[in-house]
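Sequence lines, in order, name chains W and E.
For the first sequence, the numbering used here begins at 1 and goes up steadily by one.
For the second sequence, the numbering used here begins at 252 and goes up steadily by one.
Positions of the beta carbon are idealized from the N, C-alpha and C atoms, including for glycine.
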Amino acid sequence: MSENQRIIEIEVLRYNPETDKEPSRQVFEVPFTDDMSVLQGVQYIKDYLDGSLSFRWSCRMAICGSCGMMINGEPSLSCETFLRDYYPARVRVEALAHFPIEKDLVINMEGFIEKLESIQPYIIPKEERTLAQGEYLQTPAQLASYEQFSSCINCMLCYAACPQFGLNAEFIGPAAMALLHRYNIDSRDAGKAERMELVNSEEGVFNCTAVGYCSEVCPKHVDPANAVNQNKTNSAADYFLRFLTPKGGAK
Amino acid sequence: MNKRRPYVRPMAGWWRKNPFFVEYMIHEGTALFVAAYALILLTGLVYLSRGEAAWNVWLEGLKNPWYIAFHWLTLAAMCYHTYTWFKIMPRTMPPVIVGGKRLPDFAITGSGLAVAATASLAMLGLVWGMAR
Ligand code: SF4
Ligand code: FES
Chain W
1 MSENQRIIEI EVLRYNPETD KEPSRQVFEV PFTDDMSVLQ GVQYIKDYLD
51 GSLSFRWSCR MAICGSCGMM INGEPSLSCE TFLRDYYPAR VRVEALAHFP
101 IEKDLVINME GFIEKLESIQ PYIIPKEERT LAQGEYLQTP AQLASYEQFS
151 SCINCMLCYA ACPQFGLNAE FIGPAAMALL HRYNIDSRDA GKAERMELVN
201 SEEGVFNCTA VGYCSEVCPK HVDPANAVNQ NKTNSAADYF LRFLTPKGGA
251 K
Chain E
252 MNKRRPYVRP MAGWWRKNPF FVEYMIHEGT ALFVAAYALI LLTGLVYLSR
302 GEAAWNVWLE GLKNPWYIAF HWLTLAAMCY HTYTWFKIMP RTMPPVIVGG
352 KRLPDFAITG SGLAVAATAS LAMLGLVWGM AR
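Structure, rendered in structure tokens:
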């Protein structure tokens, strides 16, 4: 052991669907060095202390979005959160809040995937173009208008930060709404009218009470709260415009 | 047999679990003071409609030290509410582009607070002028 190696306590919320009625806490003593992330601490547990511990990870560099956990109660990417910042206190890790726990630190993300699909996360062009007509051109300003909302890595930290999603799992939620907004304001897209139906729906933006914690925890500065709240305005406009325009806004 | 049995954690007491949520609840809670103050003014209006004598009774009531203390408390709550309201304002509006650059959050919050302060002072000056 190198001399700068210390021991930190990691408390993990464990849950085994085959044997446990409900989750319970288990504390592990993990030797660590200054360069070790919480993810590496959890990996140490799996490799040397308890091979049955389950968790998700892949890139170890804050880009795949799979290693999200509650770390001392805050939604965080465990690969970019460091053990040294908690030592000598104990660090508590738990599966992302507001999602059902599948096993240990693994959550059930089916609902989130369905939401992502439901917003039609692709460009719906105004009219068909042939290959010969070439690519869609866009100015730097047009790109800048939606770029921030396209940086999402689907880590779901924002959902773990959203009490309204916790209280109503049907709420379309921050990341899906940010992605919806990203396509709606893309100059190449013409699918806004279709997507607005979702924005206006029971599952839509008005579940949001502007807590704002989602934007606070987002590791990619997407500011999903901004997308949600801008769409409250859009939804209201959609509602009132139908009285003015012959075709109508929303259905 | 399917061995999956996803566990849904309870939400009871959610707002106590994170300092951010506690702050949010305080922010929302200060709105009750706004409502309370509106009720006070409304009562004043009712008394006014009953003639000068009734109005003076209401005015006299306002001089009660408890009432004055409550006013100070309401003022503090209102200030806090205003501050937190403008703090989240940048999150609720489309980006403001000035000279090709996006206006930073603190500029939006700052202008909001400045407008609120100016409007309040103007109101105070007006009412003060009328009362003298
Ligand atoms: S919006 Fe941010 S916090 Fe939410 S899933 Fe995307 S990257 Fe993660
Ligand atoms: S492991 Fe990929 S984001 Fe953390």
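In the DSSP assignment, I101 of chain W falls within the unbroken beta strand (DSSP E) covering 101 to 103. Around Y86 of chain W, no beta-carbon contact reaches into chain E at under 9 Å, the shortest distance being about 17 Å. For the C-beta of Q230 of chain W, the chain E residues within less than 8 Å are, from N- to C-terminus, T343, M344, P345. Between V222 of chain W and Q148 of chain W, the beta carbon gap of about 6 Å places them in contact (Cβ cut-off 8 Å). Within the chosen limit of 8 Å, the ligand SF4 does not reach the beta carbon of P163 of chain W with any heavy atom. Going by beta carbons, Y15 of chain W and E9 of chain W fall outside the 9 Å limit. With a beta-carbon spacing of about 7 Å, A210 of chain W and T343 of chain E fall inside the 8 Å limit used to define contacts.
Short of 7 Å from the beta carbon of Q230 of chain W, and not among the five residues preceding or following it, lie these beta carbons of its own chain, in chain order: H181. Separation of the CB atoms of W309 of chain E and Y298 of chain E is rounded to 4 Å, and the pair is thereby assigned contact status at 8 Å. Only Y15, P17, E18, E22, P23 from the region 3 to 28 of chain W bring a Cβ to less than 7 Å from some Cβ of chain E. V211 of chain W belongs to the set of residues whose beta carbon lies under 9 Å from a beta carbon in chain E. If you check the C-beta of C59 of chain W against the ligand FES, you find a heavy atom less than 8 Å away. Taking the Cα positions, Y87 of chain W is about 36 Å away from I113 of chain W. Assigned with DSSP and collapsed to three states, S150 of chain W falls in helix. By the beta-carbon neighbour count (other beta carbons within 10 angstroms, threshold 16), N315 of chain E is exposed. Around the C-beta of E94 of chain W, 16 or more other C-beta atoms lie within 10 Å, and the residue is accordingly described as buried. Interface criterion met: the Cβ of L167 of chain W is under 9 Å from a Cβ in chain E. Inside the region 151 to 236 of chain W, DSSP marks whole alpha helix (DSSP H) runs of 4 or more residues at positions 157 to 160, 163 to 167, 174 to 184, 192 to 200, 213 to 217, from first to last along the chain. Within the chosen limit of 8 Å, the ligand FES does not reach the beta carbon of C218 of chain W with any heavy atom. Beta-bridge partners assigned by DSSP to Y258 of chain E: W:I101.
Runs of the alpha helix (DSSP H) spanning 4 or more residues and lying entirely within the region 29 to 74 of chain W occur at 38 to 44, in chain order. Here R267 of chain E carries a helix assignment [DSSP, helix/strand/coil].
For Q138 of chain W, the three-state secondary structure derived from DSSP is coil. When secondary structure is reduced to three states using DSSP, R90 of chain W falls in the coil class, being assigned neither helix nor strand.
Spanning the alpha carbons of M177 of chain W and A169 of chain W requires a straight line of approximately 14 Å.
Among the residues of the region 192 to 223 of chain W, those with a Cβ less than 7 Å away from any Cβ of chain E are A210, V211, G212, Y213, S215, E216, D223, in the order of the chain.
Relative to the Cα of V228 of chain W, the nearest Cα in the group W:S54, W:E216, W:P174 belongs to W:P174. Neighbours of N184 of chain W in chain E, taken as residues whose beta carbon is under 8 Å from its own, are absent, since the nearest beta carbon is some 12 Å off.
Residues Q164, N168, F171 of the same chain have their beta carbon placed closer than 7 Å to that of N207 of chain W, with the five preceding and five following residues left out of the count.
The shortest CA-to-CA distance from P355 of chain E to any of E:K338, E:S371, E:A370 is the one to E:K338. 9 Å or more divides the Cβ of N154 of chain W from the Cβ of N234 of chain W. In the structure shown, the three-state DSSP call for L354 of chain E is coil. When rounded, the separation of the alpha-carbon atoms in H98 of chain W and M196 of chain W is 26 Å.
In this model, F240 of chain W and N200 of chain W are separated by some 12 Å (Cα to Cα).
Residues of chain W with a Cβ closer than 7 Å to the Cβ of R256 of chain E are, in chain order, P17.
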